[in-house]
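Okay, so here's the structure we're looking at.
4 protein chains.
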Amino acid sequence: MVNKRKIINDPVFGFMTIPNEQVYAVLQHPYVQRLARIRQLGLSNFVYPGAMHTRFSHSLGAMHLMQEGIQALRNKGVEISDSEATAAQVAILLHDIGHGPFSHVLEHTLVEGVTHEEISLLMMEQINEDLASQEDRGLWDHRPLDEAIAIFQDRYPRHFLHQLISSQLDVDRMDYLCRDSFFTGVQEGRVASERLLKMLNVVNDRLVVEVKGIYSVEKFLVARRLMYWQVYLHKTSVAAEQLLIAVLARAKELAMSGKEIFCSPALHYFLYQRVQGKDFYIGSEAMRQYALLDDSDVLSAVKAWMSCDDRILSLLSEAFTNRRLYRGRLLTEPLTEEDKKSLNRHYAATFGVKEEEAHYFYSEHVSTSNTYSEKDDSIDILYNDGTVRDIASASEILDLQSLTRKPRKIYLFTFRE
Amino acid sequence: MVNKRKIINDPVFGFMTIPNEQVYAVLQHPYVQRLARIRQLGLSNFVYPGAMHTRFSHSLGAMHLMQEGIQALRNKGVEISDSEATAAQVAILLHDIGHGPFSHVLEHTLVEGVTHEEISLLMMEQINEDLASQEDRGLWDHRPLDEAIAIFQDRYPRHFLHQLISSQLDVDRMDYLCRDSFFTGVQEGRVASERLLKMLNVVNDRLVVEVKGIYSVEKFLVARRLMYWQVYLHKTSVAAEQLLIAVLARAKELAMSGKEIFCSPALHYFLYQRVQGKDFYIGSEAMRQYALLDDSDVLSAVKAWMSCDDRILSLLSEAFTNRRLYRGRLLTEPLTEEDKKSLNRHYAATFGVKEEEAHYFYSEHVSTSNTYSEKDDSIDILYNDGTVRDIASASEILDLQSLTRKPRKIYLFTFRE
Amino acid sequence: MVNKRKIINDPVFGFMTIPNEQVYAVLQHPYVQRLARIRQLGLSNFVYPGAMHTRFSHSLGAMHLMQEGIQALRNKGVEISDSEATAAQVAILLHDIGHGPFSHVLEHTLVEGVTHEEISLLMMEQINEDLASQEDRGLWDHRPLDEAIAIFQDRYPRHFLHQLISSQLDVDRMDYLCRDSFFTGVQEGRVASERLLKMLNVVNDRLVVEVKGIYSVEKFLVARRLMYWQVYLHKTSVAAEQLLIAVLARAKELAMSGKEIFCSPALHYFLYQRVQGKDFYIGSEAMRQYALLDDSDVLSAVKAWMSCDDRILSLLSEAFTNRRLYRGRLLTEPLTEEDKKSLNRHYAATFGVKEEEAHYFYSEHVSTSNTYSEKDDSIDILYNDGTVRDIASASEILDLQSLTRKPRKIYLFTFRE
Amino acid sequence: MVNKRKIINDPVFGFMTIPNEQVYAVLQHPYVQRLARIRQLGLSNFVYPGAMHTRFSHSLGAMHLMQEGIQALRNKGVEISDSEATAAQVAILLHDIGHGPFSHVLEHTLVEGVTHEEISLLMMEQINEDLASQEDRGLWDHRPLDEAIAIFQDRYPRHFLHQLISSQLDVDRMDYLCRDSFFTGVQEGRVASERLLKMLNVVNDRLVVEVKGIYSVEKFLVARRLMYWQVYLHKTSVAAEQLLIAVLARAKELAMSGKEIFCSPALHYFLYQRVQGKDFYIGSEAMRQYALLDDSDVLSAVKAWMSCDDRILSLLSEAFTNRRLYRGRLLTEPLTEEDKKSLNRHYAATFGVKEEEAHYFYSEHVSTSNTYSEKDDSIDILYNDGTVRDIASASEILDLQSLTRKPRKIYLFTFRE
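One line per chain: the protein sequences are A, B, C and D, in this order. Start counting the first sequence at 1; every next residue gets the next number (the numbering used here). Start counting the second sequence at 1; every next residue gets the next number (the numbering used here). Start counting the third sequence at 1; every next residue gets the next number (the numbering used here). Start counting the fourth sequence at 1; every next residue gets the next number (the numbering used here).
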């Protein structure tokens, strides 16, 4: 079986190889297959029609880069056992497993007090149990995902393996910058993943980039910043997101008040009761239903709500479905209470709703992103003389203070009349 | 407004321009927006995870190539009026408007006696009416889409405009070969659309390709053939399609027998009654519901059916959702009645169902495709001396008989036990 | 040293690795470095300005593909020793070592009765001796290139290694189709080298392509044919070649008659005496001078000849240098003696030269190429049932007779007046 | 003739069009054709084997981007006459016309007191005269290149046209970053030329970039910086350059002392006498000979010098030709006089030459480059409210002081013993 390795065709990186049967078994789990029904960029396709790629393809791509990174480190004499290599690949394959459909939207409406990172960990543990219980092929030495989960949680003794998965220069970011730029067509966001990986090394159990890669790191940071403002925080994407938040908030309000509205069973679970952090644990109903939820439940329901007899829900749903999104404009100052009252009066009058419900027709939103964070693991540059310096001080042209600053943009989004 | 032309970022062709307000108005119609919720390649993403692109992006891409083709012809002195150019672009933008979700599946299960081409025409006429009735901006000289529809139906006096939309070397094929190869990662399917378009000319109201483009045409035909067998008719895609047909057939059987199963309102319409060709006409309920149906309704429903108490439906739905697709193998001969009986006995026993229901667990399917069709408009090569010859006779290496032959592959697909 | 492998940046294939010190030692030999001063496509840059790439980069690229091919075969269980792998890589690195500047031109003018293939073998043997004599690092087990030369000459017991270097689907062709299409910008010529290599296997010591690669092989053949007619035999390239032949022929005529004209020492050797096949042997002066000759000698000399007092040489040289190439047109029949006399009269009168010298102002040339040759090793397709068939009979659309036919184009090239 | 526009296949940008007969006439001039014999990146191919592209292809590419830039500005309502458009295209086509082979090398050895920019202007004026004198087709309204030269010299009333040719965000830089990154394979250097051009506008006769393009400008600056350190100032390229300077300096020393060494007539002119700025004027012999010099003269001569009886010249020439380049290492301080004496003693002893000649065997060199220059025209960002700010203050992450600082690297290059 050694030679019969599965190959997957990836438009971003070409042929990708499933390295062994353990990884293949993880790939088959329904939780992983579910990622193929959740888009990586949520609603960005309203701006970039090509951006339909899924979290599944991102996870595969990141796994592929992990393979390349491990190979590059081994070529430099860093010893990584086969079991560590498999664990690192499984960990990156599962790093986003807890994402729900339109994550940011969901976390503002249907699920409270729990992050997708926390759910990821629970799901990994569930997969671990499932694989252990069906294990009859002698694939694993021990509980299958213990090592992968330890790496994911940074509990594994070798810190650099965690950094490959989660740091400021991890294979997660390398893949999503390459992949998102590929599918949006914003080619400037592409980073030189192959070159960056070849420049990696390990010093004192920490990842470092050899000094000749410093220009590539600068370009990586600038590309990431560009993708944030040009894609991830694009005004129209955010407008779509805010509108979908309004749709789901209204639906939940109606549901909680007892009104019957169309929804799939999984969506029903989250609309007709308050679901909180404490509801999520291994084997819980919340987990089971969450794992059944994907983009199709949301999109199909919103479409059906166009003919709901609640005027607010139908107006919002129709606008979302037919792409008449909120209009956005930049504010220099946050809205005052007075501003909001005035907006409420306006929209109540315009759409014939109560003033306390008029807030569904506009939204104030702050977009923010920093290019580099001092709190996270720094990106360390290894000089030829063996010294190591943080990129923020090593770079001659990037401004440390600016990199770590978080510029904010305040938008007012309003419904099209 | 002349200068303020909308630009769309396309990963395949780069920047694409919406040429004018008329085309923009068509783009805004809900029927067109719906194409953004229908995948171009249906279930191919089970094989090629990147292949999530939509019919919307294909339509935009084909419109972009139409612009380039018209420009190329104008540069050679072919006169094309602005109104003809707009009509040709609208026609190609709408050429696939009648596709439903997973078209081939749908046409085998939920909709009888009407093709997506027929529905396309009805939808164009509906858009024509809608735009005419809301027309207050003086955008159009007459009924907005009359000219586009005439070109689409080949009723317009200038035949070559129809050929740009629908012939063996049309912008539809050029876009889908480029686009599908891009998103699947099967780079060999890419055709030189820019070069092919620059080689076009018009002789006696028919499109011709200048002789120096003959090698590019040969490569176009071979690339198309490759894409058919490597992508469109890939065994695993077909397996997924056959499985989804089984799912929907079972669902419809249950629905028609009165059983209540989860489905969106639009899907409900097609599950709980027989819908036939005669039900489709402008303004009909079938049309209204059809226009509301997209991929999400099907995917969300199948997922919910995993917990249906009908064992057949739940088994099939679970297999589809978690990607345990039919296994396929090539047959040298079609199944005999005896073979089928034997299969029925086997699956009835295996899954504890009646023999007359066992057919849901396997499927015999014939895949076929020809590379070139003599019946359709031929691809004509223009020689330097002015003579014109069909590519099938002009090409020195392609074999006419082989090109037009339709090789068949017979598969037996069976449920995984 | 194992880990310190040299990496070369290649625009076509990305990072390429020099696999070990033996190969690195071969790369350093002056004969190999000389390939960096000889363009792969000779005079094609007159048509495709980007086509300046060298035989050196082609040799590196082919070596890279050889690495990939060997890896693919090993993954399928074909055993290839490290020493065989190195030998195969050295053999492909050196396969074109005997090419002179503007090979086709040279073989028509300055060198008689010896082909570049024969010179390649002599040069390999010379490198073999040179490396053996300087060998003090214990790099090799035996005479360094014995195994590589045996593979090159098909004397090595394992025939498939020779096929990787020289057959109808060898890494030489894969690289040059990819590379030449990349640098000319004729993207249609690109072949799916990575995919083709992954489809290779070995049956009975012969290379075969697995049947699922049949469409890729068809596309490979069609791409190759396209490159022949669109690039290698492009009328303007051939015109430039014919003109350079005329320039060098005139220069040699003058030189042999004792006239002093500018030339580098290496070029002097070939202009001022007849050099024949028998002059080429290991250690001979002809070999020494040949190894010193490259594009720069020819280009620099022709430029200087613009001010030669021989009117024919100066006219031809000026036309070549300033890109006023012969005009070409297709003939339906070869020129008759009468035609030639008439042309001689015409050009003698026009340029004031003798009739017997007028032939320098025109040239009759036949271009020919077949897409597939039955004489060479066939491309064999391996079916799932283990049978093997030649692509010419396996392909459903390619026409055997047409593929092996050699179409001819007869051109008359004439000097611009 | 309007429709019969020449098309050139460019691997970087695809099809490029020669816009009209005037530009075509300029292209045909021998001075322009000469650029096809001069490599854009001089000796970078010693590091990046693909980097063989010529100044001719760069000039064509920049002309292509000029066309796109003019179109983009016209689409925004900036009026540019056809005559201005042609002049701007001619100006960019000729902007590098004065480059000699291996420019930096040449200016350190064979030509004194004149820059390639000054020679460019003289050559443009010569072409202007040549075209005027042969003008019989009524192509031009007046002296053909007057307007182009005025734009080139920034004497034309509309300053922004000059900025398109020469500023910190000109089409020259856009092309060379795209082109050099393409041919070297350093993909990170690619800039989004198409997007940048679409973001351009003109305010108060100055080019500005719309604010939404700010991230693209940041990336442009970072990409340019990367290309400087990774390609243009790559240690090995500089080593090759320093070695070639040593070769030519020695050759000139020998020539001036009367020794006969091989060289082409054009090279002879510059080796056997001192050529200074005052020798360059329209119609001068220096101009005539300079226009005949290209890469081939230098490469062919150095190769011949390998067998020169001057030991220094032959050693250096052999090392250059067979790629045994200087070794380089970074110095923290410049060499002292004492260091140099010591090096002289060492190399004199090693190679048996006089101490005053030992300097040919080593070279101290300072590489420097700034990313952004305040002295040149700034890159101005246009905000939505109409205000304009310099990128150095507009960018939130780039550090003004760092951008304009010129980091220096001091290298000591030494001959391999």
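Glycine included, C-beta positions come from ideal geometry on N, C-alpha and C.
Which chain D residues sit within Cβ distance under 9 Å of residue i?
i      : result
F15/B  : E194, R195 and K198
M287/C : In chain order: nothing, as chain D lies at least about 15 Å away.
Once you ignore the five residues that flank residue i on each side, which residues in its own chain have a CB closer than 7 Å to its CB?
i      : result
I70/B  : I80, A85 and A88
D294/C : R34, R37, I38 and P101
L315/B : F351
I151/D : A87, A88, A91, L161, H162 and I165
For residue i, is the classification buried or exposed, using 16 other Cβ atoms within 10 angstroms of its Cβ as the cut-off for buried?
i      : result
L243/B : buried
M256/C : exposed
V2/D   : Per-residue confidence for V2/D stands at a pLDDT of 38, beneath the threshold of 50, marking its modelled position as unreliable; the derived number appears in the next sentence. Looking at its Cβ environment, which holds fewer than 16 other Cβ atoms inside 10 Å, V2/D is exposed.
R416/C : exposed
P157/A : exposed
D399/C : buried
K235/D : buried
K303/A : buried
F15/C  : exposed
So residue i contacts chain D; which residues on that side make the cut at Cβ distance below 7 Å?
i      : result
L292/C : K303
Closer than 8 Å by beta-carbon distance: list the chain D residues that pair up with residue i, in chain order.
i      : result
W229/A : Y215
Within its chain, find whatever has a CB closer than 6 Å to the CB of residue i; leave out the 5 residues flanking it on each side and keep chain order.
i      : result
L169/B : I379
A240/A : L43, F46 and L325
E68/B  : L197
A246/D : L316 and Y360
R418/D : In this structure chain D extends from 1 to 417, so residue 418/D is not present and cannot be described.
Are residue i and residue j touching if we call contact CB-CB under 8 Å?
i      : j      : result
L271/B : K252/B : yes
V23/B  : V114/B : no
G77/A  : F13/A  : no
L200/C : A358/C : no
Q276/B : E112/B : yes
Determine the chain B residues that contact residue i at a beta-carbon separation under 8 Å, and present them in chain order.
i      : result
R225/C : Y215, E218 and I397
Can a CB atom of chain E be found closer than 8 Å to the CB of residue i?
i     : result
G42/D : The structure shown contains no chain E; its protein chains are A, B, C and D.
Under the assumption that residue i contacts residue j (Cβ atoms under 8 Å), give the Cβ distance between them as a whole number of angstroms.
i      : j      : result
L331/B : L403/B : Actually they are not in contact, since the Cβ atoms of L331/B and L403/B sit about 25 Å apart, beyond 8 Å.
S120/D : D96/D  : 7 Å
K219/A : L226/D : 6 Å
L41/B  : D146/B : No, L41/B and D146/B are not in contact; Cβ-Cβ is about 33 Å, not under 8 Å.
P11/D  : T184/C : 7 Å
Within the same chain, show all residues whose beta-carbon is closer than 8 Å to that of residue i, passing over the 5 residues directly before and after it, in chain order.
i      : result
E285/A : Y269 and D279
L122/C : G98, F280, Y281, I282 and M287
Just checking residue i against the ligand COA - is the residue's beta carbon closer than 7 Å to any of the ligand's heavy atoms?
i      : result
Y269/D : Of ligands this structure carries none, so the ligand COA is not represented either.
Name the chain C residues that come within less than 8 Å of residue i, Cβ to Cβ?
i     : result
D10/D : P49, G50 and G185
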